[in-house]
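Written out below as structure tokens is the structure these notes cover.
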Amino acid sequence: MNISIRHIEHFVAVAQELHFRRAAQLTNVAQPALSRSVQTLENELGVQLLARNNRNVKLTPAGKEFLSGSTQIIATMESTIKKSIRAGQAGGISLGYTCIALCGQLASRIIAFEGKNPGITIEAINADAAQQLESLHHDELDLCFLTGPLDNQEIETAVVQLDPFAVVVNRGHPLASKGSISLEQLANETVLLVAHTHAHTFNKQVHQFFEQAQLVPKIKYVEENHIGILGKVALGRGVFIATPDYGYVYANDLTTLNISDTDAKLPTVMAWRKDIHNTDAIQFRDFVLSQAKATTTQPKANPATAAQQNQQVQLDSAE
Numbered sequence: 003m004n005i006s007i008r009h010i011e012h013f014v015a016v017a018q019e020l021h022f023r024r025a026a027q028l029t030n031v032a033q034p035a036l037s038r039s040v041q042t043l044e045n046e047l048g049v050q051l052l053a054r055n056n057r058n059v060k061l062t063p064a065g066k067e068f069l070s071g072s073t074q075i076i077a078t079m080e081s082t083i084k085k086s087i088r089a090g091q092a093g094g095i096s097l098g099y100t101c102i103a104l105c106g107q108l109a110s111r112i113i114a115f116e117g118k119n120p121g122i123t124i125e126a127i128n129a130d131a132a133q134q135l136e137s138l139h140h141d142e143l144d145l146c147f148l149t150g151p152l153d154n155q156e157i158e159t160a161v162v163q164l165d166p167f168a169v170v171v172n173r174g175h176p177l178a179s180k181g182s183i184s185l186e187q188l189a190n191e192t193v194l195l196v197a198h199t200h201a202h203t204f205n206k207q208v209h210q211f212f213e214q215a216q217l218v219p220k221i222k223y224v225e226e227n228h229i230g231i232l233g234k235v236a237l238g239r240g241v242f243i244a245t246p247d248y249g250y251v252y253a254n255d256l257t258t259l260n261i262s263d264t265d266a267k268l269p270t271v272m273a274w275r276k277d278i279h280n281t282d283a284i285q286f287r288d289f290v291l292s293q294a295k296a297t298t299t300q301p302k303a304n305p306a307t308a309a310q311q312n313q314q315v316q317l318d319s320a321e
């Protein structure tokens with residue numbers, strides 16, 4: 003049977019688009035060549051995968067079954083390629099980060115580490131928590147930086163940053179010049195949050211501090227990333243809960259308010275597989291842990307708060 007991965011990729015593109023012209027554009031292949039590739043695949047299999055006429059394209063029962071297996075084949079191939087490339091690149095670390103994680107100390111710690119270790123390069127990839135954990139599970143990432151806490155028996159975590167919550171508002175908002183906002187005032191605003199599937203842990207933290215204050219917020223979930231939501235805030239469509247350093251993207255249009263009546267903190271955790279084997283990644287992990295501990299043990303105006311934060315920066319299994 004003479005079937006190549008290219009045949010499978012062409013079929014998947016058509017099956018997902020159900021349109022040969024769009025699939026041809028997606029795969030950067032001429033439409034006649036794409037049609038011939040799919041026909042060759044069907045001939046080799048001896049079954050019809052697509053039912054097509056001049057108006058539409060539909061998957062046959064055999065096509066639906068083949069599509070299910072084909073997407074798994076492509077995903078496995080892509081994962082294998084990534085891991086092979088990483089294995090062949092000496093002195094490299096691959097880490098994932100959320101937008102909020104990067105707004106904290108992560109960027110400066112990466113720069114400091116690379117300055118001390120010029121032979122080690124760090125590839126930083128922006129992804130939501132679910133994507134990072136999936137890549138970590140498949141050994142495509144060495145380390146993840148995301149909102150905690152986590153509950154996963156395959157990984158270990160350490161809290162490396164604790165940030166107060168803040169509210170990002172449009173500069174034309176009535177409270178923009180006040181510098182702070184109360185939870186009661188915030189509960190009367192339209193609070194924009196990233197849809198649950200992309201930010202479940204972060205959203206859970208937000209709900210918790212409203213529940214503790216016995217308030218019911220007006221929350222609107224948006225199917226956009228954090229930058230897209232900040233754009234909506236800039237347009238006056240609502241407010242956004244983040245951390246104090248987060249409003250920089252639309253700095254000319256936004257301002258950040260402290261929340262005056264909660265001491266809730268957002269934990270950013272570093273996560274890694276229990277069987278981590280990349281010695282460079284282990285070195286960076288230990289560097290971040292030492293930096294996080296040094297940061298949280300600096301003298302604070304409120305010693306009790308500092309002590310509480312220092313207790314959070316510890317290595318623990320995510321049981």
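According to the numbering used here, the sequence shown holds residues 3 to 321 in order. Even glycine gets a Cβ: it sits at the ideal position worked out from N, Cα and C.
Supposed close pair residue i, residue j - CB separation, criterion 8 angstroms
i	j	result
A168	T258	5 angstroms
P269	L164	6 angstroms
T73	V14	6 angstroms
V196	V224	7 angstroms
L2	T264	With the chain represented from 3 up to 321, any question about residue 2 goes unanswered, as that position is not in the structure.
L61	L52	6 angstroms
I5	I76	I5 to I76, Cβ: 13 angstroms. No contact.
E156	H139	7 angstroms
N260	S182	4 angstroms
L194	G121	That pair is no contact at about 43 angstroms.
Y115	F242	Note that residue 115 is Phe in the sequence shown, not Tyr. In fact, because the Cβ distance is near 31 angstroms, the residues do not count as touching under 8 angstroms.
T100	L148	5 angstroms
Q33	A26	4 angstroms
L104	L145	Incorrect: roughly 13 angstroms between the Cβ atoms, too far for contact.
L36	T29	7 angstroms
N172	G238	5 angstroms
N40	H12	First, the amino acid is wrong: residue 40 is Val here, not Asn. So it is a contact: roughly 6 angstroms between Cβ atoms.
E125	I95	7 angstroms
A131	T42	About 41 angstroms; that fails the 8 angstroms criterion.
M272	A160	5 angstroms
For residue i, the residue or residues it bridges with in DSSP
i	result
L47	According to DSSP, L47 bridges with nothing at all.
D144	Answer is none; D144 lacks a bridge partner.
L52	L61
L268	D165
N172	L256
S182	N260
A149	It is Thr, not Ala, that sits at residue 149 in the sequence shown. BP columns for T149 point to T270.
Closer than 7 angstroms: residue i CB and nearest the ligand FAD heavy atom
i	result
T192	With respect to the ligand FAD, the structure offers nothing, as it holds no ligand at all.
Reduced DSSP secondary structure (H/G/I, E/B, other) of residue i
i	result
G121	coil
M79	helix
Q322	The structure shown does not extend to residue 322, since the chain is modelled only from 3 through 321, so no value can be given for it.
E156	coil
A126	strand
V40	helix
A273	strand
S72	helix
S137	helix
H21	coil
V31	coil
I10	helix
Interface flag, residue i vs chain C, CB-CB below 8 angstroms
i	result
W274	In the structure shown, chain C does not exist; there is a single protein chain.
Tell me the start and end of each unbroken beta strand (DSSP E) in the stretch 95 to 120 that is at least 3 residues and wholly inside, in chain order. Runs found: none.
Whole beta strand (DSSP E) runs in the stretch 189 to 264 with 3 or more residues, listed along the chain? Listed in chain order, they are 192 to 196, 220 to 224, 241 to 244 and 256 to 261.
Between the stretch 173 to 181 and the stretch 146 to 153, can you find at least three pairs of beta-carbon atoms closer than 8 angstroms? Counting Cβ pairs under 8 angstroms, fewer than three are found: no touch.
Quick one: which unbroken alpha helix (DSSP H) runs of 4-plus residues sit fully inside the stretch 275 to 299? Chain order, please. With a minimum length of 4 residues, the continuous alpha helix (DSSP H) runs that stay inside the stretch 275 to 299 are 281 to 298.
Should the stretch 277 to 286 be called in touch with the stretch 219 to 239, which here means at least 3 C-beta pairs below 8 angstroms? Segments in contact, no.
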